[in-house]
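Q: First, the structure itself, so that you have it in front of you.
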Amino acid sequence: MEWLQKQRKRIQNGLTWSMQKSQTRLGFYCWMVFLLWAKTIFAYGVDFHWMHAANPYQFFLVLINPLGFTFFVMALPLFFKKRPLFYGAMLTLNALLTTFLYLNVVYYREFTDFMSVNTILTYSSVNQGAKAGGAVAFDYTDIFFWVDLIVILYLLFRKKIKMDGQKTKKGRVALYLMAAFTFMMGNLVLADIDRPQLLTRQFDRVYLVKYLGLGPFMGLDAYNTFTTSQVRKAAKPDELATVQKYVNEHYAGMNSTYAGKAKGKNVIVIHLESFQQFSIDRKVNGQEVTPFLNSLYHSKDSLSFDNFFHEVGQGKTSDAENMLETSTFGLPQGSLFAKLGNDQTFQAMPAILNQRAGYSSAVFHGNNGSFWNRTNVYKNMGYQNWISGEYFDSTGKRATAWGLKDKLLFKDSIPYLEQLQHPFYAKYLTVTNHTPFELDKEDQDPNFQTSNSGSKYIDNYFVTNHYLDQSIQEFFTYLKKSGLYDNTMVVLYGDHYGINNSENKELAPLLGKDPNQWTDLDTENLQRTPLIIHIPGFQNGGIQHTYGGEIDVAPTIEHLLGLSSKRYIQLGQDLLSKNCSQLVVMRNKDWITPNYASISGTIWNVKTNTVVEKPTEAQQKLFKKLQAEATEKLSVSDSLNQKNLLRFYHPEGFKDVNAASYDYSKKDTLARLKKASQISNSTSVFSKNGGQTTAGLYQTNAPEQNATDNASVSQSNK
Ligand code: GP9
Ligand code: MN
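Sequence positions in the sequence shown follow UniProt numbering and run 1 to 718.
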């Protein structure tokens, strides 16, 4: 009893104290900031799952990030002299910021993503507005967002909070604003320590909110949207003519030895995260790091490339994806997916293959759907299914920091893969071989002993390489058992480097090189990633030495499928074509050919690994020409993408993709796949297997496999 009274007294004292404090304008201002901060943190925790903050440092940033912005915005009414104006503006701003927060809460519940300026402006077209509206998920805890406003209004009305007539001095308000701004900048610096290049790369809306808060994210997004829309507004249809001319002049044609050799087959693209060519055929402690990939690489059924380069910029994985899907480059800065992906017109592989040859399509990936803005981009590319991290059980040891472990991704994807109608175009984005290449002991092969290089990245890298290799092998075993293998072309490629230049000293001896003799060309040579196009039964494969890059994959695949790429705006060339130029252009304007390379303006002789010190006149002319070609290729791509010129281009037989017609929610996807499998001429593996799942055929030695209770389409089909 006594205790209760004590507590009551305490609460009363607290209330009196806060009432006193709120009687001044400064006190009222602080209270407002505190309330908005508390509401934001509440939303962060309850609805946004702390934006997947992974360590105390990130949690700290999450806790402080609403402060700078809120202090800044709420200080503005302090400039007002009149009492009603000051209090009115304070309440209005609180209501506006709360509405903004609350809209994001509701949106996030449906889409696991934050609203961008674009989603607000084009809500109905991009995100199936009607459906989204119908699906709005309210929760009883939502009252928390509004209760403070009601209470304050009541207290003001009952004069429990008296309106302070004393105006705050202008200089003082300016000081508050400056302090708040400095706080925001400090926040940015702290964020950049944990996630360098946060602003330039702009990975993901969830990341930006985690590090900077909702307000600054919205400001940044508004700025991006504005600059992009300015560039696009200025663009004219005839600018497309320059691009078209370039494409016509550079079309390399098909090679009849290979054209159509995979016609009608399913296509599975396996994106080997951070996997570099030097790991192929690499032995560590006398043991192959990736024995299965090596066997694919050397198979007679594979067209394998040993001079294939990644060409990504800051958009890393997303740039690689963009190149493979569209045969155009990423942007000079940042990620095209993140910056332009919301409303970009794509004429990409899933739509092309669907419209030309009736392919269904899906992407499988174990990370959040929103990462790299994939959910919006995939809709604009015409992907029918986006099976992202939200579909899988990624709890406990089933995931690394980058999402579901590869062995589990492949296994848990089967209930969806087996439902796809044939032919299909499916993409798997692996993640376990991602820096820092950490893998739980239980997942490591006890029979594989990694290097002892002096760099933990390199030693870890081989471990995750080996894990990736095993996961691919398990997947291939399933493909064979399920019968998918024989009618499927599998394209495997490494998206970009995994080992940073800072590790080259430790890497050199493993590659049989002297670290002291390491050159810039050696670094450039490391930018090779594997490209293996495996066509079961082909028998006419072998290792191709053609120089090429990620930009060239789409036309190569199209031609293998017997579809000419000539009518599309694609900047790459079929790597199997006899006319392939073999000039590989990097995103930073460097380039490499079978004979020469330009690295930061210095020309290297590729064959001798030396700088071309005194070029002959003919050489000078050649280098100038090659540089001009490289620069032109990039600028054509940038003009095309930044101005969104494809919206003016209508290739023969190509219908614009309607992003609004795709729904990636798990519920809708399950229903859609199930429905397709029920029609009498269904061609899915599931249907061919007599309406039975083939998931039981999948074998993995992943120790976490049984911890899953994934809802499978197959089960819901029974
Ligand atoms: C995340 C994965 C990694 O989903 O694709 O992207 P990256 O960091 O390699 O660009
Ligand atoms: Mn990547």
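Every residue gets a Cβ at the ideal spot worked out from N, C-alpha and C, and that includes glycine. No experiment lies behind these values; they were computed from the predicted model shown.
How would you call Ala132, buried or exposed, if buried means at least 16 neighbouring beta carbons within 10 angstroms?
A: Interpretation of Ala132 is limited by its pLDDT of 38, a score under 50 that renders its predicted location unreliable; the figure taken from the coordinates is listed afterwards. Its Cβ being crowded by 16 or more others within 10 Å, Ala132 is buried.
Q: Which residue marks the beginning of the alpha helix (DSSP H) containing Ala234, and which one marks its end?
A: Its alpha helix (DSSP H) spans residues 214-234.
Q: Excluding five sequence neighbours on each side, which residues of the same chain lie with their C-beta closer than 8 Å to the C-beta of Leu634?
A: So the qualifying residues of the chain are Phe329, Pro332, Val585, Arg587, Lys589.
Q: For Leu571, which three-state DSSP category applies?
A: Three-state result, Leu571: coil.
Q: Given a cut-off of 8 Å on the beta-carbon distance, is the pair Gln360 and Gln344 in contact?
A: The question names Gln, but residue 360 in the sequence shown is Ser. For Ser360 and Gln344, no; Cβs fall outside 8 Å.
Q: Looking at the ligand GP9, does it come within less than 7 Å of Trp386, judged from the CB to the closest heavy atom?
A: Not under cutoff, so the answer is no.
Q: By a C-beta neighbour count over all protein chains shown, 10 Å radius and 16 as the cutoff for buried, is Asp204 buried or exposed?
A: Per the 10 Å Cβ criterion, buried.
Q: Since Leu63 and Leu190 are thought to touch, with beta carbons under 8 Å apart, how far apart are those beta carbons, to the nearest angstrom?
A: The pair is not a contact, with the Cβ atoms about 12 Å apart (cut-off 8 Å).
Q: Quick check: is any heavy atom of the ligand GP9 less than 7 Å from the C-beta of Val431?
A: Yes, the Cβ of Val431 comes within 7 Å of a heavy atom of the ligand GP9.
Q: Assuming contact is defined by CB atoms lying nearer than 8 Å, are Ser388 and His534 in contact in what I supplied?
A: Cβ atoms of Ser388 and His534: not closer than 8 Å.
Q: Is Met163 helix, strand or coil when you go by DSSP?
A: The answer is coil: DSSP assigns Met163 none of H, G, I, E or B.
Q: Got a sec? Which residues, its chain only, sit under 6 Å from Pro536 by beta carbon, not counting five neighbours each side?
A: So the list reads Asp301, Tyr485, Asp486, once near-sequence residues are dropped.
Q: Under 7 Å: does the beta carbon of His310 sit that close to some heavy atom of the ligand GP9?
A: Not so, every heavy atom of the ligand GP9 lies at least 7 Å from the Cβ.
Q: Of all the options Leu645, Ala75, Tyr493, which has the alpha carbon lying nearest to the alpha carbon of Ile270?
A: Answer by Cα proximity: Tyr493.
Q: Just the C-alpha distance for Phe59 and Trp146, rounded to the nearest angstrom, thanks.
A: For Phe59 and Trp146, the distance between alpha carbons rounds to 25 Å.
Q: Output the distance between the C-alpha atoms of Thr326 and Asn354, rounded to the nearest integer angstrom.
A: The alpha-carbon atoms of Thr326 and Asn354 are separated by roughly 14 Å.
Q: Considering only residues of the same chain and omitting the five flanking positions on each side of Tyr425, which have a CB-CB separation below 7 Å?
A: For Tyr425, where only same-chain residues beyond five positions count, the Cβ hits under 7 Å are Val267, Met349, Pro350, Leu353, Tyr359, Ser361.
Q: As a quick exercise: from Asp406, Ser600, Pro216, Pro615, pick the residue whose alpha carbon is nearest that of Asp520.
A: Measuring from the Cα of Asp520, the nearest candidate turns out to be Ser600.
Q: Reducing DSSP to helix, strand and coil, say where Thr602 ends up.
A: It is a strand residue.
Q: Tell me which same chain residues have a C-beta within less than 6 Å of the C-beta of Ala135, skipping the five on either side of it?
A: Confidence in Ala135 is poor, its pLDDT being 47 and thus under 50, which makes the residue's placement unreliable; the coordinate value appears in the next sentence. Correct list, in chain order: Glu110.
Q: Do you know whose CA, among Leu622, Lys621, Asn595, Ala618, lies nearest Thr610's CA?
A: For Thr610, the nearest C-alpha among the options comes from Asn595.
Q: Applying the criterion that 16 or more other CB atoms from any shown protein chain within 10 Å of the CB defines a buried residue, is Gln642 buried or exposed?
A: When all chains shown are included, Gln642 counts as buried.
Q: Is Lys316 near the ligand GP9, in the sense that its beta carbon is under 7 Å from a heavy atom of that ligand?
A: Yes - the ligand GP9 has a heavy atom lying nearer than 7 Å to the Cβ of Lys316.
Q: For Ser471 and Asp406, which I take to be in contact (beta-carbon distance under 8 Å), what is that distance rounded to the nearest angstrom?
A: Indeed, because the Cβ distance is near 4 Å, the residues count as touching under 8 Å.
Q: Indicate, with yes or no, if the ligand MN has a heavy atom lying under 7 Å from the CB of His496.
A: Yes, the Cβ of His496 comes within 7 Å of a heavy atom of the ligand MN.
Q: Rank Leu91, Asn465, Leu15 by C-alpha distance to the C-alpha of Val33 and give the top, closest one.
A: That would be Leu91, whose Cα lies nearest to the Cα of Val33.
Q: When you compare only the Cα positions, how much space is there between Ala399 and Ala43?
A: So the two alpha carbons sit approximately 25 Å from each other.
Q: Run through DSSP, which three-state label would Ser453 get?
A: In this structure, Ser453 counts as coil in the three-state DSSP scheme.
Q: According to the neighbour-count rule (16 or more other Cβ atoms, all chains shown, within 10 Å of its Cβ), is Ala38 buried or exposed?
A: Answer is exposed; the Cβ neighbour count stays below 16.
Q: So Asn266 is in the beta strand (DSSP E); what residue range does that whole segment cover?
A: Element bounds for Asn266: 266-272.
Q: Let me know the secondary structure DSSP gives Lys9 once reduced to three states.
A: Three-state result, Lys9: helix.
Q: For Gly165, which residues of its own chain have a beta-carbon under 6 Å away from its beta-carbon, when the five flanking residues on both sides are left out?
A: Closer than 6 Å at Cβ, skipping near neighbours: Arg83.
Q: Would Ser502 be called buried (16 or more neighbouring beta carbons within 10 Å of its own) or exposed?
A: Counting Cβ neighbours within 10 Å, Ser502 comes out exposed, since fewer than 16 surround it.
Q: Within 10 angstroms of its Cβ, does Ile557 collect 16 or more other Cβ (buried), or is it exposed?
A: Flag for Ile557 reads buried.
Q: Whose CA, out of Leu175, His49, Lys667, Leu155, lies closest to the CA of Phe72?
A: It is Leu175.
Q: State buried or exposed for Asn55, treating a residue as buried only when at least 16 other CB atoms are found within 10 Å of its CB.
A: Label assigned to Asn55: exposed.
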